[in-house]
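Novice:
Protein chains in written order, with the working numbering: chain A, 79 to 422; chain B, 79 to 422; chain C, 79 to 422.
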């Protein structure tokens with residue numbers, strides 16, 4: 079596709095020079111001939127002189143007068159890139175229509191233009207919205223609701239009474255609506271409390287590979303609209319995750335924790351149960367969170383504190399060797415014997 | 079169902095007043111009309127005045143004389159709740175009988191009243207006990223033993239020679255009996271040591287979604303009766319997990335570690351390999367455990383120590399800023415130059 | 079099998095005494111009659127006097143003159159063990175040939191002597207090498223390449239355009255080539271950037287149960303030859319993992335990190351994104367790695383540092399209580415009031 083044509087399709091202004099044929103996308107620093115790159119962050123403007131991309135999409139402010147590449151000016155290069163991927167890379171179509179080797183319960187309701195692959199199981203009273211894609215090995219046990227345009231990648235499992243809104247994407251191996259860790263300690267052992275609540279996943283949510291999200295114990299677990307989970311995220315029963323959160327891989331939330339809107343959560347973070355986390359919080363990777371956290375916080379560490387505090391404490395820890403030495407020197411000066419102290 | 083009827087079925091004493099119709103269970107603080115709540119912990123007795131539950135199950139000691147709700151007195155409200163769930167919430171039945179699209183090897187032995195869903199695979203020489211349920215996408219490779227009343231949720235995989243006792247529940251995506259991380263470092267690379275041991279899961283065990291439990295390398299890996307694993311727990315080869323343990327999500331045990339009975343393990347805990355952990359230990363979330371731990375310990379931290387010690391050390395760390403300041407003031411008083419010290 | 083016959087098959091020298099019949103392998107300290115044990119590490123030579131193994135494989139240097147067991151001398155007992163497993167334990171064969179209930183797209187190319195189980199899905203334009211085994215529930219979506227002799231355990235999912243070299247083993251529930259966590263933050267929410275790169279897995283790689291390895295965003299993610307991943311390892315998009323790495327369970331690498339050859343990574347380690355890690359590094363369990371790490375490093379902690387430094391700092395932390403006391407005693411000696419200090 080010609081650069082001018084791509085510009086038009088992504089809503090940008092073609093500036094030239096030239097009008098190269100483009101076949102793919104690459105980072106500014108790796109792009110070669112016939113590739114288009116995107117300058118999201120003006121700080122990387124320094125790479126514009128070096129890039130070998132045939133075309134670069136950037137804001138008006140970042141456009142250099144002298145340039146070797148053909149430019150497309152766009153107010154939001156991030157959005158432009160998301161659009162360009164759809165245009166330059168055709169989607170792989172692995173299956174179409176409803177395959178005769180899919181199992182579809184006669185009480186299920188299937189929308190228009192739905193694709194269901196061989197060996198997918200759609201159980202009793204499921205309702206599948208228009209344009210949904212259900213891949214091979216997916217199991218929708220019973221009374222599942224999929225809004226329109228949902229895509230389930232292979233081998234997704236959904237437990238009964240789970241509700242998904244429109245435009246959700248669920249990656250392979252994810253388990254939605256499984257039983258929470260609910261047990262009654264009794265004298266002669268541990269008694270299971272059957273989990274009978276629901277899982278509600280609002281629209282535009284994406285769930286990573288091998289995630290597990292538990293249903294509510296009696297009420298519901300909820301994932302807010304637009305939220306994205308990376309791979310292997312665990313969400314315990316009765317959690318309520320806000321809107322437009324980004325939760326990185328291998329993070330876990332114990333039961334009944336409420337995470338505010340627009341949280342940014344790093345990888346391998348753990349949240350204790352029954353906590354309340356305000357909106358717009360940031361949690362750095364591997365943090366262990368306990369306690370209610372006010373909106374706008376930036377936390378780090380194990381146990382996690384305000385990130386500035388943890389950074390400062392980590393600085394002190396790295397200077398402990400010198401501190402021990404300094405105290406010893408003071409003791410020597412004062413005639414106090416450290417060894418004696420040590421034995422106390 | 080009337081409250082008096084529920085009281086009878088769960089072995090409680092109906093005390094009234096009234097005899098409301100009940101349709102579901104809810105926490106004391108969220109219950110509304112037609113719901114029953116349970117007071118497990120006398121400390122929450124303060125909520126009895128405020129609850130809008132139509133009925134509350136509690137011990138004789140917690141029963142208030144004046145009350146707006148209809149009461150059921152029960153010696154163990156935790157157990158009562160587990161029973162009430164079974165009565166008030168009918169189980170979802172997604173499939174019944176042995177489906178023609180299940181694959182069952184002719185050498186497998188299937189008990190009475192077994193349900194096997196479409197696209198389940200039951201391989202050679204498997205033995206399936208009475209009343210087992212095997213959901214869609216489950217793969218029982220070969221020589222698997224399921225005791226009576228086991229339930230395998232969809233997409234569970236079981237490797238050869240795995241043995242499960244009665245009443246086990248395995249959630250979706252769990253992998254039982256996979257190869258452990260056994261490799262021989264040789265001069266020209268890394269040689270796989272084929273894993274040929276067994277996995278034994280005793281009765282009444284529950285395995286969470288997307289767990290992975292390795293088979294023994296030569297001997298066996300074992301999960302003790304009544305133990306419950308939350309989602310995404312990893313158990314390495316040759317581990318022996320005791321009875322009635324509770325292991326929270328995303329915890330991992332490296333190979334050959336022995337965990338005693340009734341362990342309580344928080345989320346994201348890691349155990350080194352070849353450790354011996356006594357009975358009745360508690361490990362707080364995200365702890366990193368190395369070393370043999372005596373029975374009855376309560377450990378915390380990374381690296382983990384006695385929880386009291388870690389709490390105390392964390393307290394010291396939070397006061398390090400002041401300690402540095404105090405030492406500096408002493409140095410000033412003594413005429414020692416801190417800057418000079420710092421450069422050493 | 080007779081010990082002398084086993085010696086011949088594994089390339090060892092049979093030394094006797096006797097020539098016992100052997101049926102299985104066990105650790106030196108657990109072996110009984112009719113079992114063969116292996117002495118990998120001369121440090122464990124002390125167990126030779128106590129072992130009840132009928133036969134022990136060891137190096138010439140470790141061979142005791144007086145012994146109760148029949149000996150096989152081998153230059154590399156680790157390699158000998160890997161070979162002996164193959165001889166003494168026949169592989170389980172759960173299925174053979176291409177099952178009529180497998181779904182194979184007519185555009186797929188299937189090599190010689192391939193086994194594909196019921197309910198496996200092999201999509202358009204897949205190329206399956208000779209002697210591959212594809213178990214039940216595996217989904218090879220489209221344009222997948224499997225080199226010869228690959229084994230996919232049940233319920234593995236592979237996304238489009240993934241390439242595996244020869245002799246790879248993939249355990250159940252693993253997801254290869256899933257979408258990375260690529261999103262464009264835009265004013266009105268979060269926009270998905272469709273992931274269109276590839277995943278390349280070189281020869282002799284083993285992937286543990288329930289791992290998730292993301293495809294490249296535009297270019298590729300790559301796992302080097304001979305590398306072994308334990309269970310539930312997460313590899314983000316665009317990572318490049320070197321050759322002959324050993325990565326233990328529940329470890330995660332955020333996107334675009336480059337891990338050098340022969341890395342030894344403990345369990346539950348986390349790597350930040352966009353880091354460069356040199357060859358021959360060791361990372362102890364649960365470490366949190368940020369920053370570029372030079373070749374040959376041994377790192378530990380959260381945040382991770384040189385393991386010696388972290389060990390030393392942990393030592394200081396365990397002595398903090400005494401340090402606080404010492405400083406207080408100095409203050410008392412100098413007539414400074416600690417309480418006053420504390421309030422500042």
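For every residue, glycine included, the Cβ atom is placed at its ideal position computed from N, Cα and C.
Measure from the alpha carbon of residue 86(A) to the alpha carbon of each residue in 158(A), 375(A), 218(A) and 124(A), then state which is nearest.
Specialist: Of 158(A), 375(A), 218(A) and 124(A), the residue nearest in Cα terms is 158(A).
Novice: Any chance the stretch 102-119 of chain B sits against the stretch 128-135 of chain B, with 3 or more Cβ pairs inside 8 Å?
Specialist: These segments touch.
Novice: Counting C-beta neighbours from all protein chains within 10 Å, is the total for residue 172(C) 16 or more, i.e. buried, or is it exposed?
Specialist: When all chains shown are included, residue 172(C) counts as buried.
Novice: Just to confirm the assignment, what range does the beta strand (DSSP E) spanning residue 300(B) have?
Specialist: Segment 298-301, the beta strand (DSSP E) holding residue 300(B).
Novice: Nearest-angstrom Cα distance between residue 274(B) and residue 163(C)?
Specialist: Approximately 8 Å between the Cα atoms of the pair.
Novice: Within 8 Å (strictly less), CB to CB, does residue 420(B) reach chain A?
Specialist: For residue 420(B), the predicted structure reports a pLDDT of 49, less than 50, and the residue's modelled location is therefore unreliable. The matter cannot be settled from this model.
Novice: Looking at C-alpha atoms only, which residue of 326(B), 369(B) and 181(B) is the closest neighbour of residue 197(C)?
Specialist: The option with the nearest alpha carbon to residue 197(C) is 181(B).
Novice: Pull up the DSSP beta-bridge partners for residue 267(C), would you.
Specialist: In DSSP, residue 267(C) forms a bridge with 264(C).
Novice: Quick one: residues in its chain with C-beta nearer than 8 Å to the C-beta of residue 259(A), no 5 flanking neighbours on either side, listed in chain order?
Specialist: So the qualifying residues of the chain are 292, 314, 315 and 333.
Novice: CB-CB under 7 Å to residue 369(B), same chain, minus the five flanking residues each way: which ones, in chain order?
Specialist: Here the set comprises 353.
Novice: List the endpoints of the continuous alpha helix (DSSP H) containing residue 376(C).
Specialist: First-last for residue 376(C): 376-379, but that is the beta strand (DSSP E), not the alpha helix (DSSP H).
Novice: Is residue 213(A) helix, strand or coil by DSSP?
Specialist: Residue 213(A): coil per DSSP, three-state reduction.
Novice: Say whether chain C places a C-beta atom closer than 8 Å to the C-beta of residue 35(B).
Specialist: Outside the shown range of chain B, which is 79 to 422, sits residue 35(B), and nothing can be said about it.
Novice: Mapping the DSSP letters down to three states, classify residue 147(B) as helix, strand or coil.
Specialist: Coil, per DSSP.
Novice: Using DSSP with H/G/I as helix, E/B as strand and the rest coil, what is residue 121(C)?
Specialist: Reduced to three states, the DSSP call for residue 121(C) is helix.
Novice: Decide yes or no for the touch test of the stretch 140-154 of chain B against the stretch 235-251 of chain A: beta carbon pairs closer than 8 Å, at least 3 of them.
Specialist: Short answer: they don't touch.
Novice: For residue 325(B), which residues in the same chain have their Cβ closer than 6 Å to its Cβ, ignoring the five residues on either side in sequence?
Specialist: Excluding residues within five positions, the ones whose Cβ falls inside 6 Å are 307, 311 and 343.
Novice: Using a Cβ cut-off of 8 Å (strictly closer), state whether residue 255(A) contacts chain C.
Specialist: Not one chain C Cβ lies under 8 Å of residue 255(A).
Novice: With a threshold of 8 Å between beta-carbons, can residue 173(A) be considered close to chain B, or not?
Specialist: No, because no Cβ of chain B sits closer than 8 Å to the Cβ of residue 173(A).
Novice: What residue does the beta strand (DSSP E) around residue 166(B) start on, and which one ends it?
Specialist: Premise fails: residue 166(B) lies in the alpha helix (DSSP H), 155-166, not in any beta strand (DSSP E).
Novice: With burial defined as no fewer than 16 other Cβ atoms inside 10 Å of the residue's Cβ, what is the status of residue 422(B): buried or exposed?
Specialist: Low per-residue confidence applies at residue 422(B): pLDDT is 40, beneath 50, and the placement is therefore not dependable enough to give any value.
Novice: Taking 8 Å as the threshold, find out whether the stretch 268-282 of chain C comes into contact with the stretch 231-247 of chain C through three or more Cβ pairs.
Specialist: These segments touch.
Novice: Is DSSP giving residue 364(A) helix, strand or coil here?
Specialist: Here residue 364(A) sits in coil by DSSP.
Novice: Short of 7 Å Cβ to Cβ, which residues in the stretch 191-211 of chain C face chain A?
Specialist: Here the close residues are 197, 199, 201 and 202.
Novice: What are the residues that DSSP puts in a beta bridge with residue 113(A)?
Specialist: 102(A).
Novice: Taking a Cβ distance cut-off of 7 Å, strictly less, list which residues of the stretch 358-378 of chain C are near chain A, in chain order.
Specialist: Taking 7 Å as the Cβ-Cβ cut-off against chain A, the residues of the stretch 358-378 of chain C that qualify are 366.
Novice: Going by beta carbon distance, what residues of the same chain come within less than 7 Å of residue 269(A), once the five residues before and after it are set aside?
Specialist: Cβ neighbours of residue 269(A) beyond the five flanking positions: 261 and 262.
Novice: Which residues, taken in chain order from the stretch 213-238 of chain C, show a beta carbon closer than 8 Å to some beta carbon of chain A?
Specialist: Cβ contacts with chain A come from 215, 217, 219, 220, 221, 233, 235, 237 and 238.
Novice: Of the choices 356(A), 335(A), 407(A) and 329(A), whose alpha-carbon is the least far from that of residue 362(A)?
Specialist: The shortest Cα separation from residue 362(A) among 356(A), 335(A), 407(A) and 329(A) belongs to 329(A).
Novice: Is the beta carbon of residue 226(B) closer than 8 Å to that of residue 215(B)?
Specialist: Not closer than 8 Å, so no.
Novice: So, helix, strand or coil for residue 342(B), using DSSP?
Specialist: Of the three classes helix, strand and coil, the one that applies to residue 342(B) here is strand, per DSSP.
Novice: Whole beta strand (DSSP E) runs in the stretch 188-252 of chain B with 3 or more residues, listed along the chain?
Specialist: Listed in chain order, the complete beta strand (DSSP E) runs (minimum 3 residues) inside the stretch 188-252 of chain B are 240-242.
Novice: What's the gap between the Cα of residue 345(C) and the Cα of residue 220(A)?
Specialist: Distance between the alpha carbons of residue 345(C) and residue 220(A): 37 Å.
Novice: Find the residues of chain B that neighbour residue 269(A), judging by a C-beta separation of less than 8 Å, and give them in chain order.
Specialist: Per Cβ cutoff of 8 Å: 156, 157 and 160.
Novice: Going by C-alpha distance, which of 185(A), 365(A), 141(A) and 400(A) is nearest residue 205(A)?
Specialist: Ranking 185(A), 365(A), 141(A) and 400(A) by Cα distance to residue 205(A) puts 185(A) first.
Novice: Can you tell me which of the three DSSP states residue 85(A) falls into?
Specialist: If DSSP states are grouped into helix, strand and coil, residue 85(A) belongs with the helices.
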